[in-house]
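Those sequence lines, one after another, are chains U and E.
The numbering of the first sequence is my numbering, which starts it at 1154 and goes up by one.
The numbering of the second sequence is my numbering, which starts it at 452 and goes up by one.
Glycine included, every Cβ here is placed at the ideal spot set by N, Cα and C.
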Amino acid sequence: MDDRTLIYKIQRGQKELLNEIAEKYYDDIYRFCCYLTGQREDAYDLAQETFLRFIQYVDHYRYRNLKGYLLTIARNLCMDYLRQGKGEVPTDMTEAMPKESGGMEERGGCSDGISELVERQFFLGELQKLPRIQREALLLYYYSGLKIREIAVITTVPVSTVKSRLKQGVEKLKKSMEEDNVKSKISLS
Amino acid sequence: MEKEFAALQKGLLIDGKKRAVALARISKEVREKKIRVTPSLGHRLYVQLHYMEKWYLLFPVLMAAGLLGVVKLLSRQEGWRIELISLLSSGIAFMGIFGAISVSRIFANHMGELEAACFFHVGEIVAVRMILSGLINGVMICVCAFILRGWMREELLKVLVYILTPFLASNCLYFALFLFLREKNMLFVFLAAGAVCACLWLILLCVPWAYEEGMLAAWMLLLLVSVIVFIGEVCLMLGQIREGEMVCSHWN
C-alpha cells in the first residue's frame, strides 16, 4: 500500500495503519536523528517522539511527501534537542557499525570489507565534525534523497542557501577524505 | 559522495530491543488516538443534498413553469408586451421567497442552537442552500428570459434585466426582513412580503414608459444596487452566523 493510500485510509478511521507507517519509516528517521544529533541513545527517543507528533497531527495532514513530512518533524525535534545544549559531545558511532560489511564476500575478500568499514567509520566521523547546518543539508539531500527545494522548505531557508551549504559541506568532506588518503599512503610507504 | 551516504543507509545498527520498545509506545499512542474524520468537499456536499428539504428546490421550477404557461397563453393576445414582462417579473419576484424561507427554516428549527452539540456547520448549510437556490432561480430566470425573448422578439439582455432586477430587489427585501425581524417563524412574513413585492412590480403595468429604451440605464442601475445590497446582506448574515448572533436573535 503506498503512502497516499495509507494516509487516506487513516484519515477515514483505520488508525491501526499508523503502525505500518512507523514500522516502515522508523529506521530511516532513527538514523537521520542519530547522524544529525550525533547521539545514538537519544536518537531512539527523538525518532519515537517524531511518530508521536505525527500521530497527533495526522487528522489535519494533507498528503504531499510523507517521508519529507516525517523528516521535517524529526529535524525540528533534533533542533530543539540541540538548542537545549544536549548532544554537544557526539557519541562514538563506530560501536554501532556492523562488524561485517554487507556484500564483503561478493567483492572477494576480507581486507576489502575491513577497509570499507574503516572508510565508512572515518566518513561518519568527518560528517559529525561538519557544522550542523551543513550536516543537516547533506543528510537531507544525500541520505534522505530529498530535493533541494524540499530541503529549503524543511529548513526554512532559500534554495540558494541550501545549495551553498551542500557545496561547502561536500568540499569539506572531500578535502578531509583526500587528506586521509595521503596520510594512509605515507604510513604504508 | 552518493556512494558514501548510501553506505550509511545500513551503516548503523539499530538495537532491536529499543526499536521494539519505541514501536510499542507508538502502538499504544495509536490505540488511544481518536481520528477526527475530515470529510472531503464532495462528501460534505452529498450529505447536505441528502438531508436537505427538497421542496424549495422544486417549487421555483414549478412556479417558473406555471408562469411560462400563463405568459404563453397571454402571448396570443396581440400587442401585449409590457403586460407579459410585468407579469413574469412580478411572478419571479415572488419566486425569491422560497430561498429565503428555506434559509430561515434552519433557524426556526433551532439548528443554530444545535450546531455545537451535533457537529454540523450552520454557515455551510446556509451557504449550500443559498448556492443551490441561486443556481435554480438563475437557470429558471435565464430560461424564462430566453423563451420570452422569442415570443416578444426583444433583445435577450433587455429581457434578462427586466426580469432579474425585480427578482434581486425583492430578495434584498426578503433577506432584510430575515436579518432584522425577530420572528420565530418567518413563513407568513415572507409570504406577505412576496405578495407585496409581486403587487409592486405589477404596478409597472400602469407605468408603460418604465419599459422604454431610455429607461434601460435606470433598470441596470437598480440591478447593480440590488446586487451590492444583496451581497452586503449575505456577508452580514454569514458574519452573524459565525459570531452566533443569529442564534440569539431568533430565540424569542
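Per the coordinates, the alpha-carbon of U/Ala1200 lies some 13 Å from the alpha-carbon of U/Met1232. Among the residues of the stretch 1164-1190 of chain U, those with a Cβ less than 8 Å away from any Cβ of chain E are Gln1164, Arg1165, Gly1166, Lys1168, Glu1169, Leu1171, Asn1172, Ala1175, Glu1176, Tyr1179, Asp1180, Tyr1183, Arg1184, Cys1187 and Tyr1188, in the order of the chain.
Between the stretch 1183-1191 of chain U and the stretch 1162-1174 of chain U there are fewer than three C-beta pairs closer than 8 Å, too few to call the two in contact. Out of E/Met637, E/Leu675, E/Ile587 and E/Leu642, the CA that lies nearest to the CA of E/Tyr613 is found in E/Leu675. Apart from the 5 residues on each side of it in sequence, U/Val1315 sits with its Cβ closer than 6 Å to the Cβ of Ala1290, Ile1301, Ile1304 and Ala1305 in its chain, given in chain order. For E/Arg604, there is no enclosing alpha helix (DSSP H), as DSSP marks it with neither H nor E.
At least one beta carbon of chain E lies nearer than 7 Å to the beta carbon of U/Tyr1295. The beta carbon of E/Met637 does not come within 7 Å of any beta carbon belonging to chain U, so the residue lies off that interface. For E/His501, the enclosing alpha helix (DSSP H) begins and ends at Leu492 to Tyr502. Cβ contact annotation for U/Tyr1222 (same chain, cutoff 8 Å, sequence separation greater than five): Phe1207 and Tyr1214, in chain order.
Just measuring C-alpha positions, the residue of U/Tyr1234, U/Tyr1188, U/Leu1235 and U/Ala1175 sitting nearest U/Leu1219 is U/Ala1175. Residues of chain U whose Cβ lies closer than 9 Å to the Cβ of E/Val488 are, in chain order, Gln1164, Arg1165, Gly1166 and Asp1212. A residue is called buried once 16 or more other Cβ atoms fall within 10 Å of its Cβ, and U/Thr1158, having fewer, is exposed.
Between U/Thr1190 and U/Tyr1234, the C-beta gap is smaller than 7 Å, which places the two residues in contact. For a Cβ distance threshold of 8 Å, nothing in chain U lies close to E/Val498: the least Cβ distance comes to about 15 Å. Shown here, E/Val488 sits in coil according to DSSP, grouped into three states, outside any helix or strand.
Taking the Cα of E/Ala620 as reference, the smallest distance to any Cα among E/Val678, E/Gly493 and E/Met581 is reached at E/Val678. Put simply, of U/Lys1328, U/Ala1196 and U/Asp1155 the residue whose alpha carbon is nearest the alpha carbon of E/Lys469 is U/Ala1196. Bounds of the alpha helix (DSSP H) holding U/Gln1201 are Arg1193 to Tyr1210. What U/Val1323 touches in chain E, judged by beta-carbon distance under 8 Å, is Met452, going in chain order.
Residue nearest to E/Leu524 within the set E/Val512, E/Leu539, E/Leu513 and E/Phe510 is E/Leu539 (criterion: CA-CA distance).
Interface annotation, E/Ala661: not in contact with chain U, CB-CB separation never under 7 Å. Contact holds between the stretch 625-645 of chain E and the stretch 685-692 of chain E, because three or more Cβ pairs, one in each stretch, are under 8 Å apart. Within the stretch 1193-1212 of chain U, Tyr1197, Ala1200, Gln1201, Phe1204, Leu1205, Ile1208 and Asp1212 place their CB atoms closer than 7 Å to a CB of chain E, listed in sequence order. Pairing E/Ala475 with U/Gly1298, the inter-Cα distance amounts to about 28 Å. In the structure shown, E/Trp531 falls within a coil segment according to DSSP collapsed to helix, strand and coil. In summary, E/Cys650 is exposed, with fewer than 16 beta-carbon neighbours lying within 10 Å of its beta-carbon over all protein chains present.
Between E/Ile533 and E/Tyr662, the C-beta spacing is below 7 Å. Sequence-ordered contacts of the stretch 467-491 of chain E with chain U read Lys469, Arg470, Ala473, Leu474, Arg476, Ile477, Ser478, Glu480, Val481, Lys484, Ile486, Arg487, Val488 and Thr489 [C-beta pairs closer than 7 Å]. E/Val481 is positioned such that its CB atom lies closer than 7 Å to that of U/Lys1168.
At a C-beta separation below 9 Å, U/Arg1273 has these neighbours in chain E: Glu455, Ala458, Leu459 and Gly462.
Rounded to the nearest whole angstrom, the C-alpha separation of E/Cys593 and U/Tyr1216 is 42 Å. Shortest Cα-Cα distance from E/Met637 to any of E/Trp670, E/Pro659 and E/Ala559 involves E/Ala559.
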